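Novice: Take a look at this one; I'll ask things after.
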Amino acid sequence: MPTSNTVAPPNFLLDPMLSAWLREDIGRGDRTTDALTSSSALNQAATVQAKWVCKANGVVAGLAIAPRVFQLLNPVVTFELTADEGQRCERGQTLALIEGPMNALLTGERVALNLAMRLSGIATLTRQYADAIADLPAQLVDTRKTTPGLRVLEKYATQVGGARNHRLGLDDGVMIKDNHIAAAGGITQAIKQIRDRIPYPLTIEVETESLRQVREALDSKADIIMLDNMSSQDMAEAVQVIRRQSDRVKIEASGNVTLETIRAVAETGVDYISTSAPITRSPWLDLSMRMAPLQ
1283 MPTSNTVAPP NFLLDPMLSA WLREDIGRGD RTTDALTSSS ALNQAATVQA KWVCKANGVV
1343 AGLAIAPRVF QLLNPVVTFE LTADEGQRCE RGQTLALIEG PMNALLTGER VALNLAMRLS
1403 GIATLTRQYA DAIADLPAQL VDTRKTTPGL RVLEKYATQV GGARNHRLGL DDGVMIKDNH
1463 IAAAGGITQA IKQIRDRIPY PLTIEVETES LRQVREALDS KADIIMLDNM SSQDMAEAVQ
1523 VIRRQSDRVK IEASGNVTLE TIRAVAETGV DYISTSAPIT RSPWLDLSMR MAPLQ
């Protein structure tokens, strides 16, 4: 699965988010760790070692981001990966070795693990969807159905799992949906009003629900035509209609795509299949941090 070209968000984007989550969790102080390390027997700056362990089979994501959580608490923390981002992990497998001050590791543990478990869950389900159509030309893409504030990271996780990103935001491209069509009075009117008002590089995608709308989108020179909530039979017919008229127009299928239906959708000949399921329906992948006993 092609994950090697997936790049984690840069620190200038990550740091404000991670810092906010640390503030939420720590509040006025880590009562447990602060009290423990203030005793004469323990030194909060003492260097300790820990490891991250996978507690269920899945695809790991977030290992490229989690170290930053600890480093914001103390930059001397080291995080050595023993598994690659996007790698399938098995229960009991060690994913990373961590070393640093005790208070930084204990205080940052939950935020870092929560983030990696959420992203790994998304990557795991995404990989299942991608594997189901891996031998077919259709490409899996995600959607804008994301958790507010987490979009960049959740879409990063779908890439790790093997999907391509759809629009990151409303400024990435034009997608004319059913409510836009209703507001404009039709597909033709919507495209005509929008085409001359957008920057040159942007493409125009139109959501269609019938063969009539498909033909209207074609006649109006849409760049991408989405086949929304169509049956496999109607979808296959729509693909033929589009291909007879143009080999330039890209075709996207969407609407209630499941692991059970995605292959049949891909076999209709569409170029892309978009689904929110890897983000909206994925359970977390269980990970844990285990600290080595003090000597």
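Going by this note's numbering, the sequence shown opens with residue 1283, and the numbers climb by one from there.
All C-beta atoms, glycine included, are put in the ideal place defined by N, C-alpha and C.
Note that the structure is predicted; figures quoted are calculated from it, not measured.
Assess contact between the segment 1349–1358 and the segment 1411–1426, defined as three or more Cβ pairs (one per stretch) separated by less than 8 angstroms. Is contact present?
Specialist: No contact exists between the segment 1349–1358 and the segment 1411–1426.
Novice: Scan the segment 1428–1496 and note each continuous alpha helix (DSSP H) run of 4 residues or more that stays entirely inside, going in chain order.
Specialist: Here the runs fully enclosed are 1433–1443, 1460–1466 and 1469–1477.
Novice: Between the alpha carbons of isoleucine 1469 and serine 1502, how many angstroms are there, rounded?
Specialist: In a straight line, the C-alpha of isoleucine 1469 is about 8 angstroms away from that of serine 1502.
Novice: Could you give the DSSP three-state label for proline 1392: helix, strand or coil?
Specialist: In the sequence under discussion, the amino acid at residue 1392 is arginine, which differs from the proline named in the question. Helix, per DSSP.
Novice: If you follow the alpha helix (DSSP H) that glutamate 1534 is in, where does it begin and where does it stop?
Specialist: Note, glutamate 1534: premise wrong, no alpha helix (DSSP H); beta strand (DSSP E) at 1532–1536.
Novice: Identify, in the order they occur along the chain, each residue of the same chain with its Cβ nearer than 6 angstroms to the Cβ of lysine 1427, setting aside the five sequence neighbours on each side.
Specialist: Cβ within range, chain order: Ser1558 and Thr1562.
Novice: Please report the distance separating the alpha-carbon of alanine 1518 from that of leucine 1407.
Specialist: So the two alpha carbons sit approximately 26 angstroms from each other.
Novice: Closest to arginine 1446 by CA distance: which of Leu1452, Asp1453 and Tyr1438 is it?
Specialist: Measuring from the Cα of arginine 1446, the nearest candidate turns out to be Tyr1438.
Novice: From the DSSP secondary-structure annotation, give me the bridge partner or partners of leucine 1379.
Specialist: Paired residues: Lys1333 and Glu1362.
Novice: Assign valine 1289 to buried or exposed, taking buried as 16 or more other Cβ atoms, counted over all protein chains shown, within 10 Å of its Cβ.
Specialist: It counts as exposed.
Novice: Between the alpha carbons of leucine 1388 and threonine 1315, how many angstroms are there, rounded?
Specialist: Each residue's Cα considered, the two are about 7 angstroms apart.
Novice: Could you tell me if proline 1349 is buried or exposed, where buried requires 16 or more neighbouring beta carbons within 10 angstroms of its beta carbon?
Specialist: Proline 1349 is buried by the Cβ-count criterion.
Novice: Could you tell me which residues DSSP puts in a beta bridge with glutamine 1353?
Specialist: According to DSSP, glutamine 1353 bridges with nothing at all.
Novice: Any chance you could list the alpha helix (DSSP H) runs of at least 4 consecutive residues sitting entirely within the segment 1505–1567, in chain order?
Specialist: Runs of the alpha helix (DSSP H) inside the segment 1505–1567: 1514–1527, 1544–1548 and 1559–1562.
Novice: Identify, in the order they occur along the chain, each residue of the same chain with its Cβ nearer than 7 angstroms to the Cβ of alanine 1346, setting aside the five sequence neighbours on each side.
Specialist: Result list for alanine 1346: Ala1290 and Glu1367, in chain order.
Novice: Using a threshold of 7 angstroms, state whether the C-beta atoms of lysine 1333 and threonine 1376 are closer than that.
Specialist: The answer is yes: Cβ separation under 7 angstroms.
Novice: In its own chain, which residues sit with a C-beta less than 8 angstroms from the C-beta of arginine 1373, not counting the 5 before and 5 after it?
Specialist: For arginine 1373, where only same-chain residues beyond five positions count, the Cβ hits under 8 angstroms are Cys1336, Lys1337, Ala1338 and Asn1339.
Novice: Going straight from the alpha carbon of aspartate 1516 to that of leucine 1509, what length do you get?
Specialist: Rounded to whole angstroms, aspartate 1516 to leucine 1509 spans 9 angstroms at the Cα level.
Novice: Return the residue from the list Val1531, Arg1545, Thr1490 and Leu1567 that minimises the CA-CA distance to aspartate 1417.
Specialist: The shortest C-alpha separation from aspartate 1417 is found at Arg1545.
Novice: Sort Leu1569, Met1573 and Ala1504 by Cα distance to asparagine 1396 and report the nearest one.
Specialist: Taking only the C-alpha atoms, the option nearest asparagine 1396 is Leu1569.
Novice: Going by DSSP, which residues form a beta bridge with methionine 1573?
Specialist: Answer is Ala1332, bridged to methionine 1573.
Novice: Out of Leu1450, Gly1344, Ser1301 and Thr1425, point me to the one whose CA is closest to tyrosine 1554's CA.
Specialist: For tyrosine 1554, the nearest C-alpha among the options comes from Thr1425.
Novice: Give me the Cβ distance between serine 1402 and alanine 1343, rounded to the nearest whole Å; I'm assuming they're in contact under 8 angstroms.
Specialist: About 5 angstroms; that satisfies the 8 angstroms criterion.
Novice: Pick helix, strand or coil for glutamine 1369, following the three-state DSSP scheme.
Specialist: Note: glutamine 1369 maps to coil in three-state DSSP.
Novice: Report buried or exposed for proline 1284, applying the criterion of at least 16 other Cβ atoms within 10 angstroms of its Cβ.
Specialist: Residue placement at proline 1284 cannot be trusted, given a pLDDT of 42 that sits under 50; the coordinates are not used to answer.
Novice: Per DSSP, what kind of secondary structure is glycine 1311 in: helix, strand or coil?
Specialist: Coil at glycine 1311, not helix or strand.
Novice: Roughly how many whole angstroms lie between the Cα atoms of serine 1275 and leucine 1422?
Specialist: Only positions 1283 to 1577 of the chain appear in the structure, and residue 1275 is not among them; the question remains open.
Novice: Taking its Cβ as the centre, do 16 or more other Cβ atoms sit within 10 Å of alanine 1398, making it buried, or is it exposed?
Specialist: Classification of alanine 1398: buried, given that the 10 Å Cβ count is 16 or more.
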